[in-house]
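**Student:** Dropping a structure here in structure tokens format, bear with me for questions.
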DNA sequence: GCGTATAATGACAGTTTGTCACATGACATT
DNA sequence: AATGTCATGTGACAAACTGTCATTATACGC
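Chains as they are written, first to last, in UniProt numbering: chain D, 1 to 216; chain E, 1 to 216.
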């Protein structure tokens with residue numbers, strides 16, 4: 001989390017810093033991104049940066065949290081609209097979120113996020129040592145709103161597992177999309193959505209031939 | 001890939017270097033690991049290291065490939081034993097591989113692999129700019145040995161998607177296991193296996209209530 | 001004006017990485 | 001034994017980056 005000083009900054013200065021950070025994390029993956037570049041771009045002295053943020057991780061996840069807040073609400077809306085039908089909500093959410101992440105202004109930033117995010121971060125979607133601010137917020141929303149009669153789950157733990165499996169489909173598909181794009185291969189937004197739908201359908205109905213189908 | 005010089009090295013020296021590298025990558029995640037530590041441990045001059053390897057990534061994936069070769073054969077055996085039944089083979093393979101990765105001598109190394117591996121690497125399981133040596137080897141084995149009549153897939157592309165979804169279950173579960181372990185929470189190998197089985201079962205038969213089940 | 005808390009600043013020490021000019025060794029040929 | 005050649009060994013070095021800290025500047029209440 002940014003330090004209090006950061007939030008007391010003049011708007012113009014804060015925006016300049018945020019913009020420079022987005023640019024750097026869009027230019028190269030997190031591991032390669034450097035604070036030196038960010039502060040040079042933003043025209044902010046080195047010491048000041050450390051007055052606002054702990055380190056590179058801190059500012060990175062701050063940027064990520066910004067958009068997570070948007071998408072979280074998209075998900076919750078979908079879940080309510082479909083009366084707690086998890087798979088229907090996920091399907092709608094994936095499509096809406098893909099639009100935001102791929103056609104929005106920070107697409108390159110997200111490309112680096114989804115191509116280079118590690119498992120630990122993907123699972124918890126915030127730095128491991130952070131206090132849980134809204135960590136697992138999506139999961140909590142899920143637990144409270146879903147209709148369990150439509151799922152084959154026997155505990156909250158299992159709902160969590162299922163939810164993560166679905167989120168991986170989403171993240172992996174975005175990674176796949178950006179990977180193709182950067183290698184100059186043809187891939188459309190529609191194809192991406194089809195891919196997500198297929199994988200989600202497997203998770204819902206199974207990718208193995210059903211027992212019933214064998215009764216002939 | 002290591003440079004030719006590396007393979008011409010005296011056995012003792014090569015082993016010393018490999019051992020030091022394993023130790024470093026077991027000590028900290030890839031991003032944090034340093035070549036400086038490896039060569040200090042191995043007692044090898046800096047210049048020499050760069051005569052053997054391109055960089056940190058190069059030696060890391062060399063180590064990883066070592067064990068991939070083992071596990072690949074485990075998978076192929078399972079697939080043959082089950083006459084191309086993908087899900088049966090995966091189930092057996094997951095259990096066998098988990099034994100190797102968790103009870104073997106390099107468990108700490110794998111912990112860092114599975115906790116901190118990024119999506120790009122996970123998908124391709126080798127550095128992105130490397131020539132495909134045995135890249136996608138598991139996938140190719142799968143394509144040639146599986147019985148497609150037991151699956152709801154319509155193309156090789158879809159087999160690939162399904163296979164990756166399954167592999168993610170495996171990797172994510174190992175990540176989960178190690179995460180728990182490092183946070184001092186109780187988790188047994190049996191629980192890990194149960195988790196993988198549940199998730200794989202969902203993928204095979206569906207986690208949503210089936211259409212047939214609604215006909216009452 | 002004065003004093004105190006808050007913020008800004010950039011020089012600096014400590015690391016790390018990849019390179020390069022040079023040293024050393026092995027070995028075949030004369 | 002002398003020489004030439006090719007592969008390998010070596011460590012000093014430049015470049016880059018990170019996080020800190022002593023010092024200076026600013027704002028604000030009284």
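Cβ atoms here follow ideal geometry from the backbone N, Cα and C, with glycine treated the same way. All values derive from a computational prediction rather than experimental measurement.
Give the residues of chain D in contact with residue 158(E), contact being defined as C-beta atoms less than 8 Å apart.
**Tutor:** Here residue 158(E) refers to the residue found at position 158 when the second chain is read from its first residue. In chain order: 198.
**Student:** Pull out every residue of the segment 157 to 181 of chain E whose Cβ sits closer than 8 Å to any Cβ of chain D, in chain order.
**Tutor:** 158, 161, 162, 164, 165, 168, 169, 171, 172, 175, 176, 179
**Student:** Secondary structure at residue 208(E), three-state DSSP: helix, strand or coil?
**Tutor:** In the second chain, counting from the first residue as 1, residue 208(E) sits at position 208. For residue 208(E), the three-state secondary structure derived from DSSP is strand.
**Student:** Note down, in chain order, every chain E residue with its Cβ under 8 Å from the Cβ of residue 84(D).
**Tutor:** Taking the first residue of the first chain as position 1, residue 84(D) is located at position 84. Simply none; closest approach about 13 Å.
**Student:** Can you pull the chain D residues whose beta carbon is under 7 Å from the beta carbon of residue 110(E), in chain order?
**Tutor:** Sequence index remark: in the second chain, residue 110(E) carries index 110 (1-based). Neighbours of residue 110(E) on chain D: none; closest Cβ ~12 Å, over 7 Å.
**Student:** With a floor of 4 residues, list each alpha helix (DSSP H) that falls wholly inside the UniProt DNA-binding region "H-T-H motif" (34 to 53) of chain E, ordered by position along the chain.
**Tutor:** 35 to 42, 46 to 52
**Student:** Can you list, in chain order, the residues of its chain whose CB lies under 7 Å from that of residue 20(D), leaving out five sequence neighbours each side?
**Tutor:** Here residue 20(D) corresponds to residue number 20 of the first chain, with the count starting at 1. So the qualifying residues of the chain are 38, 41, 42.
**Student:** When burial is assigned at 16 or more other CB atoms within 10 Å of the CB, is residue 198(E) buried or exposed?
**Tutor:** Counted from its first residue, the second chain places residue 198(E) at position 198. Residue 198(E) should be labelled buried.
**Student:** Determine the chain D residues that contact residue 195(E) at a beta-carbon separation under 8 Å, and present them in chain order.
**Tutor:** Position 195 of the second chain, counted from the first residue, corresponds to residue 195(E). By Cβ distance, chain D contributes 161.
**Student:** Roughly how many angstroms lie between the CA atoms of residue 69(E) and residue 104(E), to the nearest whole one?
**Tutor:** Taking the second chain and counting its residues from 1, the one referred to as residue 69(E) is at position 69. Taking the second chain and counting its residues from 1, the one referred to as residue 104(E) is at position 104. If I take the Cα positions, the gap works out to 15 Å.
**Student:** Does the CB of residue 207(E) have a neighbour CB from chain D at under 8 Å?
**Tutor:** Locating residue 207(E) in the second chain gives position 207, where the first residue counts as 1. So, interface residue.
**Student:** Mind checking residue 164(D): buried by the 16 CB within 10 Å criterion, or exposed?
**Tutor:** On the first chain, residue 164(D) is found 164 positions in, with the first residue counted as 1. Its Cβ being crowded by 16 or more others within 10 Å, residue 164(D) is buried.
**Student:** For a test of the three-state rule: what should DSSP assign to residue 74(E), helix, strand or coil?
**Tutor:** The residue labelled residue 74(E) in the question sits at position 74 within the second chain. Helix, per DSSP.
**Student:** Can you round the beta-carbon distance between residue 203(D) and residue 202(E) to whole angstroms, since I take them to be within the 8 Å contact cut?
**Tutor:** In the first chain, the residue the question calls residue 203(D) occupies position 203. In the second chain, the residue the question calls residue 202(E) occupies position 202. Contact holds; Cβ gap of about 6 Å.
**Student:** Who are the near neighbours of residue 224(E) in its chain, counting only those whose CB is closer than 7 Å to its CB and skipping five residues on each side?
**Tutor:** Since the first and last residues shown for chain E are 1 and 216, residue 224(E) lies out of range.
**Student:** Among 140(E), 147(E), 136(E), which residue has its Cα nearest to the Cα of residue 208(D)?
**Tutor:** Numbered from its first residue, the first chain carries residue 208(D) at position 208. Of the candidates 140(E), 147(E), 136(E), the one whose C-alpha sits nearest the C-alpha of residue 208(D) is 147(E).
**Student:** Where residue 153(D) and residue 159(D) are concerned, what is the direct C-alpha to C-alpha distance, given to the nearest angstrom?
**Tutor:** As a working mapping, residue 153(D) is identified with position 153 in the first chain. As a working mapping, residue 159(D) is identified with position 159 in the first chain. Residue 153(D) and residue 159(D): Cα-Cα distance of roughly 6 Å.
**Student:** Please confirm if residue 75(D) has its CB atom under 8 Å from at least one CB of chain E.
**Tutor:** By one-based count along the first chain, residue 75(D) stands at place 75. No, because no Cβ of chain E sits closer than 8 Å to the Cβ of residue 75(D).
**Student:** Could you check the C-alpha separation between residue 190(D) and residue 119(E) for me, to the nearest Å?
**Tutor:** By one-based count along the first chain, residue 190(D) stands at place 190. By one-based count along the second chain, residue 119(E) stands at place 119. Residue 190(D) and residue 119(E) have their alpha carbons spaced roughly 22 Å apart.
**Student:** Between the Cα of residue 192(E) and the Cα atoms of 91(E), 106(E), 205(E), 8(E), which residue gives the shortest distance?
**Tutor:** Against the second chain, residue 192(E) aligns to sequence position 192. For residue 192(E), the nearest C-alpha among the options comes from 91(E).
**Student:** Let me check understanding here. Comparing Cα to Cα, which of 102(E), 109(E), 196(E), 9(E) lies closest to residue 22(E)?
**Tutor:** On the second chain, residue 22(E) is found 22 positions in, with the first residue counted as 1. When each option's Cα is compared against that of residue 22(E), the closest is 109(E).
**Student:** Measuring CA to CA, which of 116(D), 72(D), 157(D), 83(D) is closest to residue 96(D)?
**Tutor:** The residue you call residue 96(D) lines up with position 96 of the first chain. Among 116(D), 72(D), 157(D), 83(D), the Cα nearest to that of residue 96(D) belongs to 72(D).
**Student:** If we count the other Cβ atoms within 10 Å of its Cβ and call it buried at 16 or more, is residue 157(E) buried or exposed?
**Tutor:** Translated into positions along the second chain, residue 157(E) becomes position 157. Exposed: under 16 other Cβ atoms inside 10 Å.
**Student:** Could you tell me which chain D residues have their CB closer than 7 Å to the CB of residue 117(E), listed as they occur along the chain?
**Tutor:** Translated into the one-based positions of the second chain, residue 117(E) becomes position 117. Near residue 117(E) (Cβ distances below 7 Å), the residues of chain D are 118, 119.
**Student:** Going along the segment 139 to 157 of chain D in order, which residues come within less than 8 Å of chain E, judged by CB to CB distance?
**Tutor:** 149, 150, 151, 152, 153
**Student:** At a Cβ cut of 7 Å, what residues of the segment 18 to 34 of chain D count as close to chain E, listed as they run along the chain?
**Tutor:** The segment 18 to 34 of chain D vs chain E, Cβ under 7 Å: 31.
**Student:** Mind checking if residue 210(D) is an interface residue toward chain E, Cβ cutoff 8 Å exclusive?
**Tutor:** Position 210 of the first chain, counting from 1, holds the residue named residue 210(D). Interface residue, yes.
**Student:** Apart from the five residues just before and just after residue 76(E), which ones in its own chain have a Cβ nearer than 6 Å to its Cβ?
**Tutor:** Walking along the second chain from the start, residue 76(E) turns up at place 76. Excluding positions up to five away in sequence, the list reads 141.
**Student:** Assuming residue 17(D) contacts residue 44(D) under a Cβ cut-off of 8 Å, what Cβ separation, rounded to an integer in Å, is found between them?
**Tutor:** Locating residue 17(D) in the first chain gives position 17, counting from the first residue. Locating residue 44(D) in the first chain gives position 44, counting from the first residue. 6 Å between Cβ atoms; contact.
**Student:** Grouping DSSP H, G and I as helix and E and B as strand, with all else coil, what is residue 106(E)?
**Tutor:** To locate residue 106(E), count along the second chain from 1; it is residue 106. Residue 106(E) falls in the coil class under three-state DSSP.
**Student:** Taking just the CA atoms, how far does residue 123(E) sit from residue 30(E)?
**Tutor:** If you number the second chain from 1, residue 30(E) lands on position 30. If you number the second chain from 1, residue 123(E) lands on position 123. Taking C-alpha positions only, residue 30(E) is separated from residue 123(E) by approximately 17 Å.
**Student:** Under 8 Å between C-beta atoms, does residue 114(D) make it to chain E?
**Tutor:** Counting from 1 along the first chain, the entry for residue 114(D) is found at position 114. Yes, residue 114(D) lies at the interface with chain E (some Cβ there is under 8 Å from its Cβ).
**Student:** In three-state terms, what does DSSP make of residue 151(E)?
**Tutor:** Taking the second chain and counting its residues from 1, one reaches residue 151(E) at position 151. Here residue 151(E) sits in strand by DSSP.
**Student:** Cα-Cα, which of 32(E), 161(E), 8(E) is closest to residue 60(E)?
**Tutor:** By one-based count along the second chain, residue 60(E) stands at place 60. Taking only the C-alpha atoms, the option nearest residue 60(E) is 32(E).
**Student:** Per DSSP, residue 118(D) forms a beta bridge with which residues?
**Tutor:** As a position in the first chain, residue 118(D) is number 118, starting the count at 1. 118(E).
**Student:** Check whether the Cβ atoms of residue 84(D) and residue 9(D) lie closer than 8 Å to each other.
**Tutor:** Locating residue 84(D) in the first chain gives position 84, where the first residue counts as 1. Locating residue 9(D) in the first chain gives position 9, where the first residue counts as 1. No, these two residues do not count as a Cβ contact at 8 Å.
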